[in-house]
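Protein chains in written order, with our numbering: chain Z, 500 to 952; chain U, 500 to 952.
Glycine residues also receive a C-beta, built at the ideal position from the N, C-alpha and C atoms.
There are 2 protein chains.
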Amino acid sequence: MEASEVVQPWEQLEALAATRNRRGLEAFLEKIGPSEAFRALLRLEPDARERVLTTLSPEGAADLIEEIPDEHAADLIEELPASDAASILNEMESDDQADVLASMHPEDAEAILAHMAPEEAADVRRLMPYARDVAGGLMVTEYLAYPENAAVGSVIDDLSRRAEEGLSPETHAYVVSPAGRLVGRLDLRSLVLSRRQAQLAAVVRPAPYVAADMALEDLEDFFERTEQPSVPVVDAHQMLIGVVYQEDVTEALSERAEQDYLKTQGIVGGDEIRTLPLLVRARRRLSWLSVNIVLNIIAASVIALYEDTLSAVIALAVFLPIVSDMSGCSGNQAVAVSIRELSLGIVKPFEVLRVWLQEIKVGVINGVVLGVLLGLAAQLWKGNPWLGLVVGGALAVNTMVAVSLGGVVPLVLKRLRFDPAASSGPILTTVTDMFGFFLVLSFATLLLPRLAV
Amino acid sequence: MEASEVVQPWEQLEALAATRNRRGLEAFLEKIGPSEAFRALLRLEPDARERVLTTLSPEGAADLIEEIPDEHAADLIEELPASDAASILNEMESDDQADVLASMHPEDAEAILAHMAPEEAADVRRLMPYARDVAGGLMVTEYLAYPENAAVGSVIDDLSRRAEEGLSPETHAYVVSPAGRLVGRLDLRSLVLSRRQAQLAAVVRPAPYVAADMALEDLEDFFERTEQPSVPVVDAHQMLIGVVYQEDVTEALSERAEQDYLKTQGIVGGDEIRTLPLLVRARRRLSWLSVNIVLNIIAASVIALYEDTLSAVIALAVFLPIVSDMSGCSGNQAVAVSIRELSLGIVKPFEVLRVWLQEIKVGVINGVVLGVLLGLAAQLWKGNPWLGLVVGGALAVNTMVAVSLGGVVPLVLKRLRFDPAASSGPILTTVTDMFGFFLVLSFATLLLPRLAV
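This is the structure:
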C-alpha cells in the first residue's frame with residue numbers, strides 16, 4: 500500500500516456518514532478533536548456535509564457546529580431542512596444560537612425559529628437585536644434565577660435535582676425580585692448553612708452587574724479589575740436578562756483582532772474560508788477590489804498630466820512605482836499602529852493632533868533615510884545627481900506625508916463612524932500615490948533642463 | 500474655568516506620584532481601571548513613570564505592570580533600579596515574570612534575577628527557556644502539590660491555613676509521587692469525607708495532563724475538548740512542572756492574531772506603542788522598509804529594460820502602477836486568507852497544491868473582471884482599443900498569477916520555517932510587480948505599431 504492510499508480524515512468522515520453510522524461517527528470525531536473535525540467537515544461536498552450533520556445526534560451536531568466560525572456555521576445550517584436545523588440549534592447556547600441565526604438570510608432564520616422549542620426561540624429573539632460586541636450580544640440566557648421570597652429548602656432541592664441532571668459547575672445562581680429585578684448573587688455556602696424555612700433574601704450577596712449595552716472594551720476592563728469568571732447583565736429597568744462569561748469576552752477580542760487584519764487586506768463581509776462557494780469568494784473580494792481600481796486610476800491619472808516631462812526623462816517611469824509603493828508601506832505601518840492602539844484603547848479618536856505630532860517625527864527620520872537610499876540608487880544608475888535629488892527628495896517628502904497621514908486616518912475614520920480597518924488602507928494609499936506621482940513629476944518638471952540629457 | 504483646563508488622568512497620576520502619595524495613587528488607579536491606567540502611565544516621562552512605580556507598593560506596581568504588553572513592561576522595568584524591579588517582579592505570576600524578563604536585555608534580566616527571592620528566581624529560570632507559545636511558556640508554577648503518602652488530615656490543615664491567607668479559589672491541588680511525578684488531581688470532596696489518617700493516594704483522581712512542548716493550537720484543542728479551566732504540565736520524566744490556564748491560552752491566541760496583523764504591515768520586533776523612544780520606533784520600521792526598498796528597486800528595474808517602448812507610448816507609464824498595485828491587492832487578499840487558515844489549522848503547510856487549485860479559480864474570475872474594467876477605462880481615455888487590450892490583458896494575467904501565488908506563498912514560507920506574516924507580503928508584491936511591469940511592457944512591445952499613433 501502506497502503512502503498516498505492512506506485514508507484521509509474527511510474520507511473516513513464521508514464513509515461513516517454514508518453508512519449512517521452515528522456511533523462510529525461520534526467516536527471518530529471525538530478521536531480527531533474539534534479543529535481536525537472542522538477541517539474535515541469543510542472538505543466535504545454539501546450533501547456529504549448534510550449527511551454528517553443529520554447522522555449525528557442533535558447534541559453531537561451542535562457540539563461540532565459550535566467549533567465553526569459563525570458565518571460558516573450559518574452557511575452549513577442553512578443547507579439543512581429547517582426542522583433538522585432547529586433541533587441542532589436547540590442544543591446550542593443562546594449566544595451562539597443568536598450569532599448563527601443573525602448571520603443567516605432573515606427568511607431562513609425565521610423558518611428555523613418557527614421549528615425551535617418555543618422558549619428557546621423566544622430567548623434567541625431577545626438576543627438577536629444586540630450588536631455582537633456589547634454585553635447583550637455576548638451574554639447567554641442559561642442561568643439560574645430564584646425569587647428572593649423563595650424558601651431556602653426549595654432552592655436546595657431544585658439545585659440538587661439539577662446537579663443530578665448534570666448542571667455545569669460554572670452555572671451561576673442569582674436572586675431576583677418577584678418582578679425579575681436583579682437583587683444579587685446566591686451565596687451557596689450560606690444557603691446550605693441556613694434553615695430550610697428561611698427566605699432567599701437572607702442568603703443573597705450583592706453582585707456587580709453590567710448594562711446590556713456595555714461595550715466589549717469596557718467588559719474587558721471589568722473582568723480584568725474584578726477577576727470574576729462571569730457577570731450578570733441587566734436591562735434599562737434593572738431586570739436580569741443574561742450572564743456574560745469572561746472567556747466569551749476574551750474570545751470576542753481575539754476574533755476582532757483577526758477580523759481587523761482580514762479587513763485591512765480587503766476580506767470583508769465575513770471571514771473567508773476557502774471552502775465557501777467560488778462565486779461568493781470571488782464576489783466578496785471583488786467588492787473591495789473594484790473600489791480600489793477606481794481609486795488607483797484616479798491616483799495614476801496625475802501621471803497623465805505630466806506626459807511631456809515623462810517623455811523627456813523616460814527614466815522617471817521606473818521611479819514612479821517605487822515612490823508610491825514605498826510611501827504606501829510607510830503609511831500603512833502608521834495605520835497598523837493606530838488601529839491597534841485604538842482597539843487597545845491606548846489612543847482615543849479625538850487625539851488626532853497628538854498622534855500626528857508623534858508620527859511626523861518618525862516620518863521625517865524614515866523619509867530622510869529612505870530618500871537618501873533611493874536618491875543614491877538613482878544617481879548610481881544614471882550618473883545624474885539631479886535625478887537622485889528629484890526621486891530621493893520626492894520619496895522623503897512623500898514618506899513624511901504618508902506616515903503622519905497614516906497615523907491620523909484611522910482616528911478620523913473612527914470619529915466619522917467608518918470602520919478604520921477596512922477603509923484606512925485604500926484611502927491612505929490613494930492620497931499618497933497621487934501626491935507621490937505629483938512630487939516626482941513636478942520636481943522633475945522644475946529641474947527638466949538638468950535631467951534631460 | 501475652561502474645558503481645556505480639566506485635569507487629565509496622566510497629570511493627576513504625575514501629581515500623586517510627585518508627592519509620593521501611595522494611598523491616593525492606589526485609589527486613583529483603582530478608580531480609573533487598568534486600561535486607562537496603562538494609557539496614563541505611557542503618557543508620562545520616564546522619570547515620572549519610575550516615580551509612579553516606586554511610590555506604589557510592589558504588589559500595586561505588579562498589578563499595573565501585568566496589564567501592560569510584555570515588551571513595554573520590560574522597557575518600564577528596565578528603567579528601575581534592579582532591587583525595585585526585583586521586588587515588583589516578586590509579586591507577579593511566574594509566567595508573566597518569565598515573559599517580561601525574556602523581553603529584556605540578558606544583562607538587565609540577570610541583575611534583576613540576582614535581587615529576586617531565590618525560589619522565585621529559580622522558578623523563573625526554569626520557565627525562561629520555553630518558547631512563549633508552548634505549554635512550558637504559558638504555564639505558571641503557582642500550584643499546590645502534595646505527595647501521595649501525605650496524611651489527609653495534614654493536607655486539610657494546610658489547605659485551611661492557605662485559605663486564611665487568601666488562597667485563590669482557582670488554585671488547583673495535585674498529588675505527586677515522592678519523586679515529584681504527577682499522580683493525579685486532589686479530589687477535595689473525597690478529601691473532606693476521608694479519615695484524617697488516610698493517605699492521599701486514596702483520594703486522588705486521574706487528571707489529564709499535557710507535555711511542556713505542546714503547541715498553542717493543540718492546547719486550544721485540548722481545552723475545547725475537555726472544557727477544563729486548567730491542565731497540569733509534565734516534563735519528559737512525567738514530573739509535574741506547572742499549570743496552564745485556559746484563559747492564558749485564549750489570551751495568547753488573541754495576541755498572536757494581533758501580532759500577525761502588525762507583522763504584515765512591517766511592524767516587527769515587538770508591538771510598537773507610540774510612547775516608545777522615537778529612534779527605536781523609527782529603526783524598527785526602517786529595518787523592514789529598507790528591505791522593501793531594495794525589492795521595489797529590483798521590481799521596477801524591469802521597466803528600465805523597456806525604455807524604447809515606454810518613450811513610444813508614454814501613456815503606458817500611467818498604467819504601470821495601476822497594474823502592479825491592483826495585482827498586489829488581489830494577491831494580498833489570498834495571503835490574508837492563507838495566514839488565517841494556517842493559524843486556525845484549517846490548512847496545513849503541505850497542502851500547497853490544493854490551495855493553489857482553489858485560488859487559481861478566484862484569480863481567473865477576478866482577473867477577467869478587473870482586466871475588462873481597466874481595459875475599458877484605457878480605451879475610453881485614449882480611444883485606442885489596442886491599448887485597452889494591452890493593459891487589461893496584463894492586469895488579467897497578473898491577477899491570476901498574484902492570487903494563486905498569494906495563496907501559496909505563506910504555506911511555502913511556513914514549510915521553510917520563515918514567519919509567513921512578516922515575509923509573505925514583500926515577497927509576493929515583488930514578484931507580482933516585476934511580472935506586472937513585464938506583462939504590460941512586453942504586450943505593448945508586441946503591439947507597438949498599433950499603439951504608437
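9 Å Cβ cutoff met for residue i and residue j
i, j, result
"Z:ARG680", "Z:GLN727", "no"
"U:VAL674", "U:GLU647", "yes"
"U:VAL867", "U:LEU910", "no"
"U:ALA672", "U:VAL654", "yes"
"Z:LEU794", "Z:THR928", "yes"
"U:VAL908", "U:SER823", "no"
"U:GLY741", "U:GLY924", "no"
"U:ARG695", "U:ALA756", "no"
"Z:LEU869", "Z:MET825", "yes"
"U:PHE942", "U:GLY892", "yes"
"U:ALA547", "U:GLU578", "no"
Cα-Cα separation between residue i and residue j, rounded to whole angstroms
i, j, result
"U:ASP918", "U:PRO628", "20 Å"
"U:LEU950", "Z:GLU806", "16 Å"
"Z:LEU815", "Z:GLU750", "50 Å"
"U:ARG684", "U:ARG724", "18 Å"
"Z:ALA517", "U:ASN791", "52 Å"
"Z:SER534", "U:GLU840", "11 Å"
"U:PHE934", "U:ASN897", "7 Å"
"Z:ARG784", "U:CYS828", "10 Å"
"Z:ILE587", "Z:ASP574", "14 Å"
"Z:LYS847", "U:ASP595", "28 Å"
"U:PHE937", "U:ILE802", "7 Å"
"U:ARG773", "U:ARG538", "11 Å"
"U:ALA735", "U:ALA895", "55 Å"
"U:ASP657", "U:LEU563", "31 Å"
"U:LEU873", "U:MET899", "15 Å"
"U:ARG780", "U:LEU788", "12 Å"
"U:ALA799", "Z:PHE818", "7 Å"
"Z:GLN511", "U:LEU718", "25 Å"
"Z:LEU777", "Z:ASP607", "22 Å"
"Z:PRO617", "Z:LEU637", "21 Å"
"U:LEU879", "U:LYS860", "29 Å"
"Z:ALA697", "U:ALA644", "40 Å"
"Z:ASP622", "Z:ALA630", "15 Å"
"Z:LEU947", "U:THR808", "21 Å"
"Z:VAL767", "Z:ALA921", "8 Å"
"U:ARG914", "U:GLU754", "22 Å"
"Z:VAL743", "Z:PRO707", "12 Å"
"Z:ILE797", "Z:PRO508", "50 Å"
Sequence-distant residues of the same chain with beta carbon closer than 7 Å to residue i, five excluded per side
i, result
"U:SER582", "HIS614"
"U:ALA876", "none"
"U:GLU501", "Low confidence applies to U:GLU501: its pLDDT is 42, below 50, so where it sits in the model is not reliable enough to give any reading."
"U:ARG704", "GLY683, ARG684 and ASP686"
"Z:VAL939", "LEU815, PHE818, LEU819, VAL822, VAL889, VAL890 and ALA893"
"Z:VAL871", "GLY891"
Rounded Cβ spacing between residue i and residue j (contact assumed at less than 8 Å)
i, j, result
"U:THR944", "U:LEU904", "Between U:LEU904 and U:THR944 the Cβ distance is about 24 Å, and since that is not below 8 Å, they are no contact."
"U:GLU590", "U:GLU558", "5 Å"
"Z:ALA700", "Z:VAL733", "Incorrect: roughly 18 Å between the Cβ atoms, too far for contact."
"Z:ILE821", "U:SER810", "Contact doesn't hold; Cβ gap of about 19 Å is too wide."
"Z:VAL599", "Z:ALA561", "Not a contact, Cβ separation roughly 10 Å."
"U:SER689", "U:VAL682", "That pair is no contact at about 14 Å."
"U:ALA569", "U:SER602", "The sequence shown places Asp at residue 569 of chain U, rather than the Ala named in the question. Indeed, because the Cβ distance is near 5 Å, the residues count as touching under 8 Å."
"Z:ASP720", "Z:GLY635", "So it is not a contact: roughly 17 Å between Cβ atoms."
Residues near residue i in its chain [Cβ-Cβ closer than 8 Å; skip 5 each side]
i, result
"U:GLU592", "GLU565, VAL639 and GLU641"
"U:LEU611", "Checking the sequence shown, residue 611 of chain U turns out to be Ile, not Leu. Closer than 8 Å at Cβ, skipping near neighbours: ILE576, ALA581, ALA584, ALA585, LEU588, LEU600 and MET603."
"Z:SER729", "GLU669, HIS671, VAL742, VAL743, TYR744 and GLN745"
Contact set for residue i: own chain, Cβ-Cβ below 6 Å, skip 5 residues either direction
i, result
"U:ALA901", "SER826, SER829, GLY830 and THR931"
heavy atom of the ligand FAD below 8 Å from residue i C-beta
i, result
"Z:GLY844", "Judged by which ligands are present, the structure shown has none, so any question about the ligand FAD falls away."
When the Cβ atoms of the stretch 829 to 844 of chain Z are set against those of the stretch 755 to 769 of chain U, are three or more pairs found closer than 8 Å?
Contact holds: three or more Cβ-Cβ distances are below 8 Å.
At least 3 beta-carbon pairs within less than 8 Å: the stretch 549 to 557 of chain Z vs the stretch 514 to 532 of chain Z
A contact between stretches requires three or more CB pairs, one per stretch, nearer than 8 Å, and the stretch 549 to 557 of chain Z meets this requirement with the stretch 514 to 532 of chain Z.
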